[in-house]
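Working notes, beginning with the structure itself.
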Amino acid sequence: MKIAVAGGNTDADYLIGVLSEQGHTLRVINADEAFCACMADKHGIPVYFGDPCREEILKEAQINSFELIIALQSCDADNLSICQIAKKTCGVKRAVCTLSDPKNADVFKQLGIDCPVSCGGMIAELIETITESLSCETQTSGASDFVTRAIRIEQ
0 MKIAVAGGNT DADYLIGVLS EQGHTLRVIN ADEAFCACMA DKHGIPVYFG DPCREEILKE
60 AQINSFELII ALQSCDADNL SICQIAKKTC GVKRAVCTLS DPKNADVFKQ LGIDCPVSCG
120 GMIAELIETI TESLSCETQT SGASDFVTRA IRIEQ
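The sequence shown: position 30 = 29 (numbering that gives the first Met the number 0), numbered continuously.
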């Protein structure tokens with residue numbers, strides 16, 4: 000699959016490594032020149048230096064035949080902009096982006112982002128799932144100052 004990765008640093012580096020190992024064709028667009036040089040050297044893939052929020056930068060990166068763009072900026076509005084430009088002006092088929100505020104997910108979907116992902120939202124859902132499957136039993140021994148708790152997590 001042809002995938003463009005826009006923005007991000009450590010998370011982008013990890014994702015680029017995983018996607019490269021899986022055999023995807025990648026293109027990286029990032030506003031950090033040192034990061035661009037590092038990714039080009041480390042992964043041997045095309046990297047474009049520039050603000051991925053700018054239409055001309057995305058066009059320069061030649062992502063017009065790509066199936067997916069992944070926007071990893073820290074600002075939700077930037078990620079929305081990147082994804083919308085990529086889909087509307089570059090013809091990228093699908094868009095994934097990270098969200099700082101999980102409350103933006105529904106609005107982003109309505110605005111054409113195929114998969115807005117919130118780490119905080121995912122953790123909250125995970126905790127909810129875990130706490131629903133927790134059971135806690137309290138057992139006391141003959142001595143009133145000794146209490147044992149058993150916590151079970153059903154799988």
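Glycine is no exception: its CB is placed at the ideal position from the N, C-alpha and C atoms.
Residue i, buried or exposed, once every other Cβ within 10 Å from all chains shown has been counted against 16
i, result
"Met-164", "The structure shown has nothing for residue 164, since the chain only spans 0 to 154."
"Gln-109", "exposed"
"Asn-63", "exposed"
"Ser-73", "exposed"
Straight-line gap, residue i to residue j (C-alpha atoms, nearest Å)
i, j, result
"Gly-120", "Pro-101", "5 Å"
"Asp-113", "Ile-68", "10 Å"
"Leu-98", "Cys-82", "12 Å"
"Asn-103", "Ser-117", "9 Å"
Distance between beta carbons of residue j and residue i, contact taken as under 8 Å
i, j, result
"Val-91", "Phe-65", "5 Å"
"Arg-93", "Ala-60", "Wrong, their Cβ atoms sit about 17 Å apart, outside the cutoff."
"Ala-85", "Ala-11", "In fact, because the Cβ distance is near 16 Å, the residues do not count as touching under 8 Å."
Where the beta strand (DSSP E) through residue i begins and ends
i, result
"Ile-44", "From DSSP, Ile-44 is part of no beta strand (DSSP E); its letter is neither H nor E."
"Leu-67", "67-70"
"Ala-5", "1-5"
Residue range of the unbroken alpha helix (DSSP H) whose run includes residue i
i, result
"Ala-60", "That residue, Ala-60, is in no alpha helix (DSSP H); it is neither H nor E in DSSP."
- Message: Threshold first: 4 residues or longer. Then list the alpha helix (DSSP H) segments lying entirely within the region 78-131, N to C.
- Response: 104-109 and 118-131
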